[in-house]
Every structure is written in structure tokens, then in C-alpha cells.
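As you go down the protein sequences, you meet chains A and B in turn. Quick note, the working numbering runs 27 ahead of the 1-based positions in the first sequence. Quick note, the working numbering runs 72 ahead of the 1-based positions in the second sequence.
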Amino acid sequence: MTAPEVSLVVVSYEIARELPRTLRSLAPPYQRACPRGRSEIIVVDNGSSRPPEAAAFADLDADLRVLHQESPTVSPVAAVNTGLAAARAPLVGVFIDGARLASPGLVAGALAAAALHPRPVVATLNYQLGPALHYDAASHGYDQAAEDRLLAGIGWPADGTRLFEVSTPEFRAGEAGPILESNGLFLPRALWDELGGYDTAFTEPGGGVVNADTLLRACALPGTQLIRLLGEGTFHQFHGGLSTSTHDKAIAVLKRGAIAYQRRRGVPLRTTRTPGWLFDARTGRRRWE
Amino acid sequence: MDAGSRLPCDRAQLRSWMIDYITAVLAIPAEKIDANAAFDSYGFDSVEAVVMAGVMEEEFGVPVDPIQLFEHPTIADFSARYAREETPATASPPAS
Numbered sequence: 028m029t030a031p032e033v034s035l036v037v038v039s040y041e042i043a044r045e046l047p048r049t050l051r052s053l054a055p056p057y058q059r060a061c062p063r064g065r066s067e068i069i070v071v072d073n074g075s076s077r078p079p080e081a082a083a084f085a086d087l088d089a090d091l092r093v094l095h096q097e098s099p100t101v102s103p104v105a106a107v108n109t110g111l112a113a114a115r116a117p118l119v120g121v122f123i124d125g126a127r128l129a130s131p132g133l134v135a136g137a138l139a140a141a142a143l144h145p146r147p148v149v150a151t152l153n154y155q156l157g158p159a160l161h162y163d164a165a166s167h168g169y170d171q172a173a174e175d176r177l178l179a180g181i182g183w184p185a186d187g188t189r190l191f192e193v194s195t196p197e198f199r200a201g202e203a204g205p206i207l208e209s210n211g212l213f214l215p216r217a218l219w220d221e222l223g224g225y226d227t228a229f230t231e232p233g234g235g236v237v238n239a240d241t242l243l244r245a246c247a248l249p250g251t252q253l254i255r256l257l258g259e260g261t262f263h264q265f266h267g268g269l270s271t272s273t274h275d276k277a278i279a280v281l282k283r284g285a286i287a288y289q290r291r292r293g294v295p296l297r298t299t300r301t302p303g304w305l306f307d308a309r310t311g312r313r314r315w316e
Numbered sequence: 073m074d075a076g077s078r079l080p081c082d083r084a085q086l087r088s089w090m091i092d093y094i095t096a097v098l099a100i101p102a103e104k105i106d107a108n109a110a111f112d113s114y115g116f117d118s119v120e121a122v123v124m125a126g127v128m129e130e131e132f133g134v135p136v137d138p139i140q141l142f143e144h145p146t147i148a149d150f151s152a153r154y155a156r157e158e159t160p161a162t163a164s165p166p167a168s
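As C-alpha cells, this is what we get:
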């Protein structure tokens, strides 16, 4: 079997409704310019009560494996690292929350962005489906049924670019503004190895702020170049996740994570404020050097 | 820290701590910070405010609810509300 150009590591936990859509969004033909063989998808289930099986996704035209994390814990870190260890491609994208849909050019865009620099850290931008961020969904009458109607209303998955029309960005100050994390973080295999994967010290539920920590550590590696992928994104499906269920919970999770980070790293948690390079996947233009 | 309690430092100390913290996070000189302006007016966003609440809690050993930062969204306002109450200077006796 020819090695793929990019491996996509997707962590799954109790997202039976969301995972099939996520995987469809990562597979050809939904993913443009990314025919079978160019990518592989590795799902690592972190202890779901009804774990997904690869056979359930046999209709997808994709090289897809489902691994089951041994001794799963409340933190997804070990599952991410299991996926990283299994990945065969020279570029690896990590989706720590498997409930996120991708836009149709995300994978090819990440490949193109990664080719711009020898040590690239390719960050995709986070969106959430619906009229508001999910911690505030209830006040907008938004729930899973509303989300199903929303996706049907844009004819998803026929035209995934329309996800932008029906979603809310997680970033507040524009695509070049501060970001806490990227769900859909692409690094060359060698950089993941240099980084040591996700840090297993983050044992708290959901991994706390491990995703933010990973982006910060990756950008701090010598000679790396942050590249933000514009014109594509990942779109959180409403599933009552730890940091997206209610406003109070979201704040509490972040604050607890910030305290744990301060104790662990000895410095305050920061957002990533440097814009880095901005690469528009749709036009191929790069700016902000 | 519930709404009635305060941090164990005076207003000037808390104000100074917040300016130091925010300038470090934003990598800007202290002169750029207007203590009477809302946090987001100089780019300090709500995520960073929540993180600051956690760091403040660690620093001062008192629970800090991030909502308190949202309800008092300037350095001057927050430090006035949540710094230790200052003892008024001894009043001079009235002139006879």
C-alpha cells in the first residue's frame, strides 16, 4: 500500500451522532483534490459506551481505521498519541474533538500550506454550527434537532462551503486575531515527534487546555512557522461537549484549565496572538509575512 | 471570591498587578493601557479575562469568579471593587 500524504487523527468519545458526519467530511469525494490514497483517517475511540467500528463507515471511499484506546481515561491525550503513533503519512492533522465537520478544501489546503515552509505549524480556524457559540445555544433555541434542520437546509454535504453561512466563528478579532487553539492542527510527522505528541501531564477531563498547550509548544519549537489556513475551517456539531455545553461550564472549564496550566508550566496560559502567515486555501495566496 | 469578598491587596497593588499581567499578555507597554477603558478596547478579550481570573486566584489565594471581571470590565473598576478596603486616614479634629 502506498503511504498517504496526510494522516487525519480523529478522537471519538460518545459522539455516535456526530462522528459519521465528521468522517464523511474528511473523506473523498467531499474533500476536494484529495482522492483516495492521498489521505488516511485514523479514528481513535476513547472509551465510548458503544464504540464505533470501521465497518460502519465502509460506504466511505476512504482508507479508514478505527482504533480503540486501551485503558481510556477522561483525558483524550493518550488517544491522540495513539493516533499519532499509528499515522503513516509525513503530515499529520489532529482533530482532538471528533465532533467537528471539515470544510471541503481543508485537507488539500493543509497540504498546500504545509508545503510553504520546512517546519510548518498549520492551524485551521474553529467555527461552531448555528447562530451562536454552543455554550449560548439554549438561549437561541438551538439544539441537535435544530442543527439537523440547519444542515439539511444548506443541503449538506453536497456543498460544504455553505457551512460558513450557518456557523459562528470562535475567534473574536478576525482570522488574524488571537486564537486559543486549533481543532485541525497539522504538523509534519517529524515535528510531532520533536514535540513528543500531546503532553500526557494533561490528565484532566477533556484534557483541559492541552490543545492550546500543544499549539503554543509547536509554535515555540525552533524555526517553526505558524501558518493559519483561511477559507477553510472546522465546524463544531452540538453535542454537549465539556467546554461547549453552557456558558458557566465553558468559563469554569477554561478557568480550571488555566489554573492547571499555570501550575504545570509556571507561566500563564496565553492565546496565540501572532498572526503568522495567512494562507488562503481557496486562492493560494499568502500574506502577512 | 463571592460578590462580598475582596482580594488581600490594596487598590494600588491590584491595579499594578493587573497592568503588569495584561501588558505581558498583550506584549505592549504599560503606557498603552488606560485603566479606565474596557479590557476589550485594547484587545484583551474575554478568553484572556477568564485565564486572568484563574491566575489571579493562584496569585492571591482567593477564588475569583471571571464573571466579576465581566461585570467590572476595567482595571480601575475591578480594583476599586475587589481590592481590600482602605482604612480612611485619621480624621483631623474639627477646628474649635
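Even for Gly, the Cβ is constructed at its ideal location relative to N, Cα and C. A quick note: this is a predicted structure, and the numbers were derived from the prediction, not measured.
Counted as a single uninterrupted DSSP element, the stretch harbouring histidine 144 (chain A) is not any beta strand (DSSP E), since DSSP gives it neither H nor E. Not a single CB atom of chain B sits nearer than 8 Å to the CB of proline 184 (chain A).
Taking C-beta atoms under 8 Å as the contact rule, alanine 308 (chain A) and glycine 258 (chain A) qualify, at a distance of about 5 Å. The segment 233 to 244 of chain A makes no contact with the segment 81 to 90 of chain B, as fewer than three CB pairs between them are under 8 Å.
Between threonine 261 (chain A) and asparagine 153 (chain A), the beta carbon gap of about 6 Å places them in contact (Cβ cut-off 8 Å).
In terms of Cβ geometry, histidine 95 (chain A) and isoleucine 254 (chain A) do not form a close pair [threshold 8 Å]. Taking the CA atoms as reference points, glutamate 197 (chain A) sits about 27 Å from alanine 60 (chain A). Taking C-beta atoms as the reference points, arginine 77 (chain A) and alanine 43 (chain A) count as a pair closer than 8 Å.
Sequence-distant Cβ neighbours of proline 145 (chain B) in its own chain, meaning closer than 7 Å and more than five residues away, are Ala110 and Phe111. Listed by position along chain B, the residues whose Cβ is nearer than 9 Å to that of proline 205 (chain A) are Gly115, Asp117, Val119 and Glu120. Close partners of glycine 133 (chain B) in chain A (Cβ separation under 9 Å) are lacking, with about 12 Å as the shortest Cβ gap. Of the candidates A:Ala114, A:Ala116, A:Val71 and A:Ala139, the residue whose Cα lies closest to the Cα of arginine 313 (chain A) is A:Ala139. Contact note: isoleucine 278 (chain A) reaches chain B through Val122, Pro138 and Ile139, using a C-beta cutoff of 8 Å and chain order.
If you draw a 10 Å sphere on the C-beta of lysine 282 (chain A), you find 16 or more other C-beta atoms in it, and that means buried. Note that the C-beta distance between valine 127 (chain B) and alanine 285 (chain A) is below 8 Å. Cβ neighbours of valine 136 (chain B) within its own chain (closer than 7 Å, five residues either side excluded): Met73, Ala125, Met128 and Glu129.
By the beta-carbon neighbour count (other beta carbons within 10 angstroms, threshold 16), leucine 248 (chain A) is exposed.
Chain B has a Cβ within less than 8 Å of the Cβ of alanine 285 (chain A). By the CB criterion at 8 Å, arginine 115 (chain A) and alanine 30 (chain A) fall inside the cutoff. Only residues of its own chain outside the window of five on either side were considered, and among them Phe122, Ile123, Asp124, Arg127, Thr151, Asn153, Asn238, Thr261 and His263 have a CB closer than 8 Å to the CB of asparagine 210 (chain A), listed in chain order.
Look at tyrosine 114 (chain B) here: in three-state DSSP terms it is helix. Beta-bridge pairing by DSSP links histidine 95 (chain A) to A:Asp72.
The C-beta of glutamate 157 (chain B) comes no closer than 8 Å to any C-beta of chain A. Going by C-alpha positions, alanine 102 (chain B) is about 7 Å away from isoleucine 91 (chain B). Apart from the 5 residues on each side of it in sequence, alanine 54 (chain A) sits with its Cβ closer than 6 Å to the Cβ of Leu87 and Ala89 in its chain, given in chain order. For aspartate 149 (chain B), the enclosing alpha helix (DSSP H) begins and ends at 147 to 154. Among the CB atoms of chain A, none fall inside 8 Å of the CB of alanine 110 (chain B).
Annotation for leucine 256 (chain A): the continuous beta strand (DSSP E) segment containing it runs 252 to 263. Chain order gives no chain A residues near alanine 102 (chain B), where near means a beta carbon separation below 7 Å; the closest approach is about 17 Å.
Annotation: alanine 135 (chain A) to valine 104 (chain A) spans about 26 Å, alpha carbon to alpha carbon. Proximity of the segment 213 to 233 of chain A to the segment 165 to 181 of chain A falls short of the contact definition, fewer than three beta-carbon pairs being nearer than 8 Å. Of all residues in the segment 291 to 315 of chain A, the ones placed with a Cβ closer than 7 Å to any Cβ belonging to chain B are Pro295, Leu296, Arg297 and Thr298, in chain order. Inside the segment 158 to 234 of chain A, DSSP marks whole beta strand (DSSP E) runs of 3 or more residues at positions 194 to 196 and 212 to 215, from first to last along the chain.
If you draw a 10 Å sphere on the C-beta of asparagine 108 (chain A), you find 16 or more other C-beta atoms in it, and that means buried. The beta carbon of threonine 230 (chain A) is closer than 6 Å to those of Ser102 in its chain, skipping five residues each way along the sequence. The C-beta of leucine 281 (chain A) comes closer than 8 Å to at least one C-beta of chain B.
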